[in-house]
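Each residue of the sequence shown is one higher than the one before, counting from 0 in numbering that gives the first Met the number 0. No residue lacks a Cβ here, since even glycine has one placed at the ideal position from N, Cα and C. The structure displayed is predicted, hence computed values, not measured ones. Below is one structure, written out as structure tokens; comments come after it.
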Amino acid sequence: MNFQPIDYSSVGGGLGRMMDRFSDSGTLTGDKNEDDFIASSPTAALLGLLYDQRVRAEVAFTGAKRLHDRIGHLDLKIIANMNNEALREVFAESPAVHRFSNKMADTTQKVARFIVDEYEGQPETIWNDNAPIEVIEKRIKALPGFGPGKAAKIKYVLHYFGFRDFSGQ
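Here is the structure:
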């Protein structure tokens, strides 16, 4: 794909800072390997957006890699059925997956269950059917822990991590 940037001037905050960094140095998180991991995993991108609250955006988006490294996968079918206490312990290991370890472990499990039930465990099904961004945002808002703010950011996450090209819109 010949990457075309899109206007993100309305985004602001940590995600806006990440996109500024991308424009300046070609990396969103500040670590090319972390960027590559997220770009290779729809689950990592979605969880990064979930974790983007009350922590630095770069830490949020790399949280899924920490989770992956600790449990060996990001298989939502397995995560949905994990023992909740065990998942909480994984989240709390230093450095924590998220500063609110218990809440994010619980919400991650709820998101995993929702995606298993509604999308056969494949988060990319939310956006890979060429649905318009308004439909994708509606689908994102239906996920546990996601609201209008996160839904408004999904376009930029998908575009800048290479999951959907929104340059023509």
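Determine, using beta carbons only, whether residue i and residue j come nearer to each other than 7 Å.
| i | j | result |
| --- | --- | --- |
| D192 | T42 | Residue 192 lies beyond the range of the chain shown here (0 to 168); nothing can be said about it. |
| G148 | A38 | no |
| Y155 | V10 | yes |
Note the first and the last residue of the continuous alpha helix (DSSP H) segment covering residue i.
| i | result |
| --- | --- |
| R112 | 100-118 |
| Y50 | 41-50 |
| Y155 | 147-159 |
| A91 | 83-91 |
| V96 | Careful: V96 lies outside any alpha helix (DSSP H) and carries neither H nor E. |
| L75 | 75-80 |
Quick check on residue i: buried or exposed, where buried means 16 or more other Cβ atoms within 10 Å of its Cβ?
| i | result |
| --- | --- |
| P94 | exposed |
| F2 | exposed |
| S40 | buried |
| Q168 | exposed |
| A141 | exposed |
| L14 | buried |
Ordered along the chain, which non-local residues of its own chain (more than five positions away) have a Cβ less than 6 Å from that of residue i?
| i | result |
| --- | --- |
| R65 | V96 |
Using a Cβ-Cβ cutoff of less than 8 Å, which residues in the same chain neighbour residue i once the five nearest sequence positions on both sides are dropped?
| i | result |
| --- | --- |
| H158 | I5, D164, F165, S166 |
| D51 | G13, L14, A59, F60, K149, K152 |
Have a look at residue i and residue j and give me their C-alpha separation to the nearest angstrom.
| i | j | result |
| --- | --- | --- |
| H67 | A79 | 14 Å |
| E136 | I153 | 7 Å |
| Q108 | M18 | 28 Å |
Between which residues of its own chain and residue i is the CB-CB distance below 7 Å, once the five residues before and five after are set aside?
| i | result |
| --- | --- |
| G120 | L75, K76, I114 |
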